[in-house]
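All remarks here apply to the structure that follows.
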Amino acid sequence: MRISRLLIAATAVAAACSQAKPEPPEIIPQPAEITVNDGSFKVAGASFTIGENVPAEALKAIGAFRDNLETVTGTKTGDKAGFSFLLNENLGPEAYALKVTPEGATVEAADFNGFFYAIQSIKQMLPVEIYGNAPAKAAWSLPCVDIMDSPRFAYRGLLMDCCRHFFPVEEVKKVLDLMSIHKMNRLHWHLTEDQGWRIEIKKYPKLTEIGAYRDGTQIFRRKETDGQRYGGFYTQDELRDVVAYAAERGITIIPEVDLPGHMVAALASYPELGCTGGPYEVAQHWGVKPDVLCVGKEETFTFLEDVLTEVMDIFPSEYINIGGDECPKVRWKECPLCQARIKKLGLKDKDGFSKEHYLQNYVTARIQKFLNDHGRKIIGWDEILEGDLAEGATVMSWRGTKGGIKAVEKGFDVVMSPNVYLYIDWYQTKERDKEPYRIGHYLPVDSTYRYEPAAGMPENGEEHILGVQANLWSEFLKTSEDFEYQLLPRMSAASEIQWCAADNKDYDRFRKSLDHMVRIYDKLGFVYCKALWGKIGLPGHEIPARSQEELDTLDFNKVPFMEE
Ligand SMILES: [Zn+2]
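Okay, here's the thing in structure tokens:
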């Protein structure tokens with residue numbers, strides 16, 4: 001990698017002298033190795049050659065790219081020099097090699113994702129009109145390059161919270177499109193919450209009849225709600241359609257059924273699953289709720305196993321996320337059935353954790369065994385590490401990095417999604433008085449970008465880091481515009497943490513490439529925060545950002561919220 005970057009540096013010097021050499025292409029995430037050569041390859045009317053044994057899913061993606069190219073260039077593929085797609089089983093998972101010369105472009109890969117990602121890199125090197133579906137006049141050529149590319153981490157995720165606010169299938173697919181451009185391959189879909197249950201479960205219809213709707217939504221941070229009925233859910237047919245759509249883009253959807261806390265919507269639907277028996281109502285306020293599943297009752301486990309059976313039937317993912325976060329123990333301490341279970345299991349306060357913490361460990365282990373018996377693995381938030389955690393679980397570190405570091409020290413695999421770098425529901429500018437209302441912390445694009453997942457880990461840490469994930473919670477994101485505004489451009493920054501080796505990251509280079517990437521956002525109709533380009537606010541409400549001098553002296557924590 002170092003050698004080829006020296007070559008680029010040498011190329012840049014040569015370019016300054018002869019002014020003939022092209023700039024390196026602006027690809028996000030930046031490929032592992034890239035060398036720019038003289039010349040270009042004219043793609044209009046290029047032929048397509050497919051080698052033997054290229055995977056069938058890849059043929060579909062290659063065919064879609066060929067159709068796309070024919071449409072935008074207005075030229076049918078012909079028999080002149082062109083694209084070749086060849087299987088190369090010596091390349092690693094998701095890796096690809098791309099060689100472009102004036103005579104054509106050769107792609108080699110060992111699997112579907114490798115071929116698909118080569119196409120993504122090619123598209124980023126073409127005029128942005130390639131992202132449209134109409135004939136366009138543009139310089140339809142690719143620069144001559146040699147690229148060898150592969151990801152740093154196998155798990156490159158984004159969390160989409162469709163519970164606090166509900167986003168339609170079309171928006172989920174739009175986000176999947178954007179993920180695929182960024183070579184991200186895991187959508188962690190947060191589908192159950194106190195404020196709304198979003199998956200149709202045939203055996204428990206009240207989960208969506210009752211649990212998918214709330215009678216109001218908290219206004220900003222106030223006690224009052226708007227009194228408006230709000231909700232929605234996805235049918236199993238819709239979910240299967242989204243799973244297939246994601247798979248065509250190299251993305252696995254990992255559903256989250258958050259348990260045993262964050263279950264108020266389920267309790268409102270089936271009050272007998274709670275310790276007090278209710279009545280409960282679907283939550284209208286954000287925050288952690290004292291009412292959780294009663295795990296002293298066997299019927300609670302029957303319920304969870306039935307739900308997870310339908311979930312596994314919809315989602316073929318190796319991993320199922322079982323949440324496990326923010327589960328207060330106050331009801332369990334008072335509940336005779338939960339206490340009887342504690343007694344029967346012989347649980348005791350130990351090592352600074354209460355016997356109720358160990359009761360949650362029992363729930364986690366029991367659900368883990370159920371899922372393992374069905375060929376699946378669990379991921380849970382870092383709270384599952386408190387007390388005892390059974391072997392084979394993967395920990396998602398969200399409360400900073402320390403949960404992840406601790407998990408690695410104990411030999412567990414981790415997905416790093418520390419809030420201080422990757423909770424992109426936080427403000428991305430200091431201008432809290434002018435930005436739409438959000439969660440009250442500050443996380444600008446460059447802070448996200450500079451996160452190094454192996455920092456603070458033990459020596460073998462990297463082996464246990466399955467991957468990295470950006471999380472977009474939706475408490476204050478009412479519309480798709482709100483959602484995208486928070487997502488972009490920080491999702492582009494997250495993709496380089498996930499894909500690029502630490503020594504291949506460079507904020508200045510990334511910042512320059514973003515100027516190209518936002519043209520792709522524009523072409524695809526995405527809303528994004530334009531603070532780096534001098535503006536803030538949602539479309540229709542954009543205003544100039546403060547000057548850099550003003551921003552430098554502004555203390556984020558002293559800036560009042562816009563809406564209060
Ligand atoms: Zn109970």
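Throughout the sequence shown, residue numbering follows my numbering, covering 1 to 564 in sequence.
Backbone N, C-alpha and C fix where the C-beta goes; we use that ideal spot for every residue, glycine too.
Keep in mind it's a predicted model, so treat the numbers as computed, not measured.
Please classify residue 432 as buried or exposed, where buried requires at least 16 other C-beta atoms within 10 Å of its C-beta.
Burial call: buried.
Which residue marks the beginning of the alpha helix (DSSP H) containing residue 420, and which one marks its end?
Unbroken alpha helix (DSSP H) run through residue 420: 419 to 422.
So residue 143 is in the beta strand (DSSP E); what residue range does that whole segment cover?
Its beta strand (DSSP E) spans residues 141 to 149.
Would you decide whether residue 344 is buried or exposed? Buried here means 16 or more other CB atoms lie within 10 Å of its CB.
Answer is exposed; the Cβ neighbour count stays below 16.
With a cut-off of 8 Å on the beta carbons, I'd call residue 395 and residue 420 a contact; round off their distance for me.
Not a contact, Cβ separation roughly 17 Å.
Any heavy atom of ligand 1 closer than 6 Å to the beta-carbon of residue 335?
Yes, since a heavy atom of ligand 1 falls inside the 6 Å radius drawn around the Cβ of residue 335.
Should residue 296 be counted as a contact of ligand 1 given a C-beta to heavy atom distance under 6 Å?
Correct: residue 296 has its Cβ closer than 6 Å to ligand 1.
Within 10 Å of its beta-carbon, does residue 3 have 16 or more other beta-carbons around it, so buried, or fewer, so exposed?
With a pLDDT of only 43 at residue 3, under the threshold of 50, the placement of this residue in the model should not be trusted, and no figure is reported.
Are the CB atoms of residue 141 and residue 206 nearer to each other than 7 Å?
Going by C-beta atoms, residue 141 is not nearer than 7 Å to residue 206.
Assuming contact is defined by CB atoms lying nearer than 7 Å, are residue 332 and residue 298 in contact in what I supplied?
No, the Cβ-Cβ distance between residue 332 and residue 298 is not below 7 Å.
Is residue 162 near ligand 1, judged by its Cβ being under 6 Å from some heavy atom?
No, the beta carbon of residue 162 sits no closer than 6 Å to any heavy atom of ligand 1.
Which of the three DSSP states is assigned to residue 64 in this structure?
In this structure, residue 64 counts as helix in the three-state DSSP scheme.
So what does DSSP say about residue 190, is it helix, strand or coil?
Residue 190 falls in the strand class under three-state DSSP.
In whole angstroms, what separates the C-alpha of residue 350 from that of residue 256?
Straight-line Cα distance between these residues: approximately 29 Å.
Our contact map puts residue 194 next to residue 262 with C-beta atoms below 8 Å; I'd like the distance itself, whole angstroms only.
Indeed they touch by this definition, with Cβ atoms about 5 Å apart.
What three-state label does DSSP hand residue 255 in the structure shown?
Residue state, collapsed to three classes: strand.
Terminal residues of the continuous beta strand (DSSP E) containing residue 439?
First-last of the beta strand (DSSP E) with residue 439: 439 to 442.
Work out the CA separation of residue 534 and residue 547 for me, nearest whole Å.
If you take the alpha carbons of residue 547 and residue 534, they lie about 8 Å apart.
I believe residue 384 touches residue 401 by the beta-carbon criterion, under 8 Å. Please report the beta-carbon distance rounded to the nearest angstrom.
In fact, because the Cβ distance is near 17 Å, the residues do not count as touching under 8 Å.
Decide if residue 85 is buried, meaning its Cβ has at least 16 other Cβ atoms within 10 Å, or exposed.
Buried, because 16 or more other Cβ atoms sit within 10 Å of the Cβ of residue 85.
Measuring only from the beta carbon, is residue 327 closer than 6 Å to any heavy atom that is part of ligand 1?
Answer for residue 327: no, Cβ out of range of ligand 1.
Could you tell me which residues DSSP pairs with residue 196 in its beta bridges?
Residue 196 pairs with 193.
Compare the Cα-Cα distances from residue 239 to each of 37, 200 and 274 and report the closest residue.
Taking only the C-alpha atoms, the option nearest residue 239 is 200.
Compare the beta carbon distance of residue 319 and residue 254 with 7 Å and say whether it is the shorter of the two.
In contact: residue 319 and residue 254 (Cβ atoms closer than 7 Å).
Ordered along the chain, which non-local residues of its own chain (more than five positions away) have a Cβ less than 8 Å from that of residue 132?
72 and 523, listed in sequence order.
Look at the Cβ atom of residue 158, then the Cβ atom of residue 184, and state whether they are nearer than 7 Å.
Yes, the Cβ-Cβ distance between residue 158 and residue 184 is below 7 Å.
Is the distance from the Cβ of residue 291 to the Cβ of residue 274 below 7 Å?
Yes, the Cβ-Cβ distance between residue 291 and residue 274 is below 7 Å.
In the DSSP output, which residue or residues are listed as bridge partners for residue 535?
According to DSSP, which records beta bridges pairwise, residue 535 is partnered with 544.
So, at 6 Å on beta carbons, what are the nonlocal neighbours of residue 404 in its own chain, with the 5 sequence-adjacent residues on each side left out?
Within the same chain, residue 404 has close Cβ partners 397, 414 and 416.
Do the stretch 168 to 186 and the stretch 479 to 493 meet, that is, are 3 or more Cβ pairs less than 8 Å apart?
They touch, by the three-pair rule.
Rounded to a whole number of angstroms, what is the C-alpha to C-alpha distance between residue 560 and residue 208?
Answer to the nearest angstrom: the Cα atoms are 38 Å apart.
Please give the ranges of any alpha helix (DSSP H) in the stretch 164 to 246, keeping only runs that are unbroken, at least 4 residues long and fully inside the region.
Whole alpha helix (DSSP H) segments, 4+ residues: 169 to 181 and 206 to 209.
Does the Cβ of residue 500 lie closer than 6 Å to at least one heavy atom of ligand 1?
Not under cutoff, so the answer is no.
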